[in-house]
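*Asks:* Handing you this structure, nothing more for now.
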Amino acid sequence: MNPIHVVTGAGPVGSTVAQQLAEAGQRVLLLTRSASGPEHPLVERLSVDVSRPDQLGPALEGAVAVHHCIHGSRYDARTWRAELPVAERHVLAAAGHVGAVVVFPESLYSYGPTDGPITEDRPRRATTGKLGVRTELLAQRDASPTPTVSVAASDFYGPLVRNAHAGERLVPTVLAGRTMRVMGSLDQPHSFTYVPDLAAAMIRAAATPDLWDSFLHAPTAPPVTQRELVEQVAAAAGVPVPRMSAIPAWALRALGAVSRETRELTETSYMFTRPFVLDSGASQERLGLAPTPLSTGVKETVGWWRTAG
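Here the sequence shown is numbered in my numbering, starting from 7 and rising by one per residue.
Structure (structure tokens):
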């Protein structure tokens, strides 16, 4: 019998991991509360609440790897601190019981504001808000006897990606010819990670014991400015480049006084007001993977939005 690969969560990362594994001939159990996710003969979708050990434990029997791709129900530190650590503890315990490695998609939040390219050897010591929660999760993984790998990505783009700066806030706006308003600056370099590249890195890390108990960066193409990204999306779509403007950090802070969602975004506004560059070179060498060229990823993304978005 083929080994079982478990994926928790059917968002863009979990769904892409499940699809790539199945397309490679691997048997996948996809765990969500609603038994949702991509359809494939090798993907079995189960209704499982990973916060309940009595449901999670039996679902992991026979697993060789668990890709834990569940995020918080709200984008705020209070929700993250209430939901994420306990869910990860349950997954780590259940995976350890069956001898499976746990692979996590991770953000760059724990680095906090940095000067220069972000490399894997920089300290990850952020302490406040959502950034601090990510640091605490990394410490919990390090303390667990279960082998883990965290694969960090910058802002997502790609098929299935909706709730992201380069998702529904950008692509549909460009396709419709509306004015594009971006957070921070139009002209600061920023790294964007193609979700299929993140998924491929997670799968490779799970299959490579020498990479276990490490923190890796997902293969990520060279940075572009938000202006350049909008221009590339327009070119791939064959539509005129829309008018563009930037929402400065002070305006976000003012809006945050009355909007909880905007207030949460201001915590990471530094990523868009200064260069924010992910250096994935060392991890690419360890993984034996290279990033998808931005032009290719953008073309695939535009095609997905036109057919399924």
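Where a beta carbon is used, it is the ideal one built from N, C-alpha and C, also for glycine.
Computed from a predicted model, the values in this text were never measured in an experiment.
Any chance the region 55-69 sits against the region 113-125, with 3 or more Cβ pairs inside 8 Å?
*Replies:* Taking a cut-off of 8 Å on C-beta distances, the region 55-69 does not touch the region 113-125, as fewer than three cross pairs fall below it.
*Asks:* Cα separation between Ala99 and Glu112?
*Replies:* Computed Cα separation, rounded: 19 Å.
*Asks:* Using a Cβ-based criterion (distance less than 8 Å to any ligand heavy atom), does Arg269 qualify as near the ligand FAD?
*Replies:* Annotation note on the ligand FAD: not contained in the displayed structure, which lists no ligands.
*Asks:* At a cut of 8 Å, does the region 185-199 reach the region 225-239 through at least three beta carbon pairs?
*Replies:* yes
*Asks:* Need the endpoints of the alpha helix (DSSP H) that Tyr81 sits in, please.
*Replies:* From DSSP, Tyr81 is part of no alpha helix (DSSP H); its letter is neither H nor E.
*Asks:* Could you tell me if Glu267 is buried or exposed, where buried requires 16 or more neighbouring beta carbons within 10 angstroms of its beta carbon?
*Replies:* exposed
*Asks:* Counting along the chain, where does the beta strand (DSSP E) carrying Asp148 start and finish?
*Replies:* Not the beta strand (DSSP E): Asp148 falls in the alpha helix (DSSP H), residues Gly135 to Ala149.
*Asks:* Are Ala16 and Ser42 close, meaning C-beta to C-beta below 9 Å?
*Replies:* yes
*Asks:* Mind reading off the beta-carbon distance from Thr179 to Ala288? Whole number of angstroms is fine, and I expect it under 8 Å.
*Replies:* Contact doesn't hold; Cβ gap of about 35 Å is too wide.
*Asks:* Would you check if there are 3 or more beta carbon pairs closer than 8 Å linking the region 192-202 to the region 136-151?
*Replies:* no
*Asks:* Confirm, please, whether the CB-CB distance from Leu293 to Pro228 is below 9 Å.
*Replies:* no
*Asks:* Would you call the region 211-218 and the region 273-287 in contact, with 3 or more CB pairs under 8 Å?
*Replies:* no
*Asks:* List the endpoints of the continuous beta strand (DSSP E) containing Asp161.
*Replies:* Asp161 to Tyr163
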